[in-house]
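Residue numbers (the working numbering), protein chains in the order written: chain A, 1 to 218; chain B, 219 to 418; chain C, 419 to 599.
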Amino acid sequence: MDIDDILAEVDVHAVPRQTQDLQEFTRAWVTERNAPEILPWPDALMQRILERIRRQIELVEEQTGNTDPKANFRLIIFQTELERFKFLVRSFLRARVAKIDAHALHHLTDPSTKARLSPSELQYATTHTTLLHAHYRSSFLSQFPASLQRMDDTAGGMSMVEGPDVDRAVFVRALKDVEEPVYVEGTDMAFEMRKGDVVVMRWSAVREVVIAGDAELI
Amino acid sequence: MYGDHALKLIQHAKRTQALAHLPHYQTELVRETTREVRDLDKDVSNILAPFQGSFNPSSEPATACSVLVNHLCMRRNKRCLLAYHRVRSDKLEEMCWSGKDVLDQEQQAGRQGNGEGSGMASEVGNQSSLSPEEDEYVRQYGDMLAAYKGQWTDIDLTGSLEPPRDLFIDVRVLRDAGEIQTEYGYACHSLTILCQEWNY
Amino acid sequence: MGSYYDIDAILTDAQKVPCTFDLDMPGLGYLDENAGGDIKAGTRVSLPLWLSTLLAVQRLGPSSQPLCTLDLPASISPRVLAALKAGPKTVDLRQLTSHYYELAARVLELFEEEEIVDVLSETFKERAAEIADHAHNPRGALGEAQDFLRGLDEMERQLFRSAHDSSNAMREWMGETKKKR
């Protein structure tokens, strides 16, 4: 029995929005860190979290200078919570940047992957790729014959543009009973996921279930 | 044999991956590998020139094989050069993220190597382990990173990736620093913690 | 086949395998350390994987033969395989070649050699267990274990490193939870 189980038992509607958001974001953070590919940008959730951080910073700034010892203690609690929130967001963003950097061209050329980036991530990826290519060009590539200057060749059975390894193994826990059995592509394996089940599975097989929110990575 | 220079570059790259710092850019090997590509390309043109565009591989298997080998060598060199530069640029980017001023450090290293009395930036650049192109790349990447970071001012994107444990950190004061202004005003309540270290 | 930018994949591709040219190849003598000369049909040359595997599958016409034929490299010769079968942990793989398993995997894609595949998988399994044992037990890195660890191929080294790091991280974490209590 851990905190997730306890939280899951509480009626969702009885939990205040803020707690729900934190729980949801923590889950998104863990999933993003463990999934081999980048996940859809949680726009609305992110807006709410950032708005809350901004308000909290304002509050802390207002309260600083208050000499009442009680207020002072409260301030320390606020700041501690604030630091934890900031850490979560930072770590989440950095995990995404690391994935974008590792396969920048893939993120820019594959339409479904591209759609998962936030506008500022898309801009980062575009600029980074442009800079990197310019760097290659000025270092050596411009002296190559024209036919060899491409960055997206697939000659010789090997593509220069690679995506992440979506068949990497991940640990998954079902948050509810998954109605449809999960099929493992390329094999004749299928299995059912009941609430609370923990399985080790290749990411590609459980991706849909996780993105739908029926399961989480651990 | 073709590809030998490229292989040396890759062996350098392999060692670089295990190092904390960035070793010297292999200007000569990069130049040799690039030249090899141009030579191979010329070779291909020379081999194919007599056929005037009507080359039929199955009737001239030996010629076709030469052309193929040349092509494969060029592609191999390209892959090695890209991978070598990628390993280095990855390392440079990592330095940018961790907040090290790469160019400044390089200049300092260069100055030490140059001895005193030399102030010219170009001379310093010669001593650097970065190529001039890498220098430029770091500058541009740094600018871009600053722009991306700027969209997340509340978060401090390049901050620590260790989960926070304590709100305050211990500071050992080595030199009188006068009044200290912190993120949220004066360091009033953290002074107790500062004081614990004050005795050293 | 490994990723385009992956240094280990590129090093794997640099490993050489013997191949035999099936035709006279004028001007290709430099492949056989005979620059400017020719290669006669039937000549055996050692060529890196990035060159040999592609030449071996290349056919110039619908009915013609491939340009050259590959042979199994010495590192998976019957002699080595017999040694691996007899004692998987006593063979110094690194001395044979730095990227042993990956070389074998690349070559065996082009051959029908189920038995070799079986021997190598069995070898990897036995050695992996031994590697994990050493990684979790730091004292194991001394004495005779040193010989074994020195003979690991690149993939095994990485396995050792990550097993070692994870056991350290685990110990650190356990220590921290204890401290809190």
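All C-beta atoms, glycine included, are put in the ideal place defined by N, C-alpha and C.
These numbers come from a predicted model, not from an experiment.
query	result
Backbone CA spacing between Val537 (chain C) and Leu499 (chain C) [nearest angstrom]	7 Å
Buried versus exposed call for Pro119 (chain A) [16 or more other C-beta atoms within 10 Å across all chains shown]	exposed
Spatially closest choice to Asp565 (chain C) from C:Asp510, C:Tyr423, C:Leu465, C:Gly460, by CA coordinates	C:Asp510
Whether Asp197 (chain A) touches Arg173 (chain A) by CB criterion (8 Å)	yes
DSSP-derived helix/strand/coil call for Met443 (chain C)	strand
Own chain partners of Thr515 (chain C) with C-beta closer than 7 Å, once the 5 adjacent residues on each side are dropped	Gln433, Ser493, Leu521
Contact belief for Val320 (chain B) with Cys314 (chain B) at Cβ below 8 Å, rounded distance in angstroms	7 Å
Buried or exposed (CB count within 10 angstroms, at least 16 for buried), Leu242 (chain B)	It should be noted that the sequence gives His, not Leu, for residue 242 (chain B). With fewer than 16 other Cβ atoms within 10 Å, it is exposed.
Buried or exposed by the 16-neighbour rule on C-beta atoms within 10 Å, applied to Asn295 (chain B)	buried
C-beta neighbour in chain C for Ala280 (chain B), strict 8 Å	yes
8 Å Cβ cutoff met for Glu121 (chain A) and Leu175 (chain A)	no
Chain-ordered chain A contacts of Ser539 (chain C) [CB-CB under 9 Å]	Residues of chain A passing the Cβ test: none, with the nearest at roughly 18 Å.
Between the CA atoms of Phe25 (chain A) and Gly377 (chain B) - distance to the nearest angstrom	19 Å
Cβ neighbour criterion (16 or more within 10 Å) applied to Asp177 (chain A)	exposed
Contact set for Pro40 (chain A): own chain, Cβ-Cβ below 6 Å, skip 5 residues either direction	Arg116
Cutoff 8 Å: Asp374 (chain B) Cβ touching any chain A Cβ	yes
Lys195 (chain A) versus Val209 (chain A) - alpha carbon distance	12 Å
Beta-carbon spacing of Gln476 (chain C), Leu485 (chain C) below 8 Å	yes
Coarse secondary structure for Ala282 (chain B), derived from DSSP in three states	helix
Three or more C-beta pairs below 8 Å linking the region 178–191 of chain A and the region 123–136 of chain A	no
Residues near Cys291 (chain B) by beta carbon distance below 7 Å, same chain, minus five either side	Tyr220, Gly221, Leu258
Where His239 (chain B) falls, given that 16 or more other Cβ within 10 Å makes a residue buried	exposed
For Thr64 (chain A), the residue or residues it bridges with in DSSP	Answer by DSSP bridge pairing: none, since Thr64 (chain A) is not bridged.
DSSP state of Tyr183 (chain A) mapped onto helix, strand, coil	strand
Test item: CB-CB of Thr487 (chain C) and Ala474 (chain C) under 8 Å	yes
Ser421 (chain C) at chain A interface by Cβ criterion, 8 Å	yes
Near-chain C residues of the region 296–310 of chain B (beta-carbon distance less than 7 Å), N- to C-terminal order	Arg297, Cys298, Leu300, Ala301, Arg304, Val305
Alpha-carbon spacing of Ile407 (chain C) relative to Leu429 (chain C), whole angstroms	This structure cannot speak to residue 407 (chain C), because chain C is shown only from 419 to 599.
Spatial distance of Leu375 (chain B) from Met193 (chain A) (CA atoms)	37 Å
Chain C contact for Met158 (chain A) (CB, 8 Å cutoff)	yes
Cβ pair Ser284 (chain B), Leu478 (chain C) closer than 8 Å	no
Short CB-CB distance (under 8 Å) between Lys86 (chain A) and chain B	yes
Contacting residues, own chain, Cβ-Cβ under 7 Å from Ser204 (chain A) (five flanking each side not counted)	Val166, Asp167, Glu185
Residues, ordered as in the chain, of the region 13–45 of chain A that lie near chain C by beta-carbon distance below 7 Å	none
Those residues which DSSP pairs with Val172 (chain A) across a bridge	A:Val199, A:Leu217
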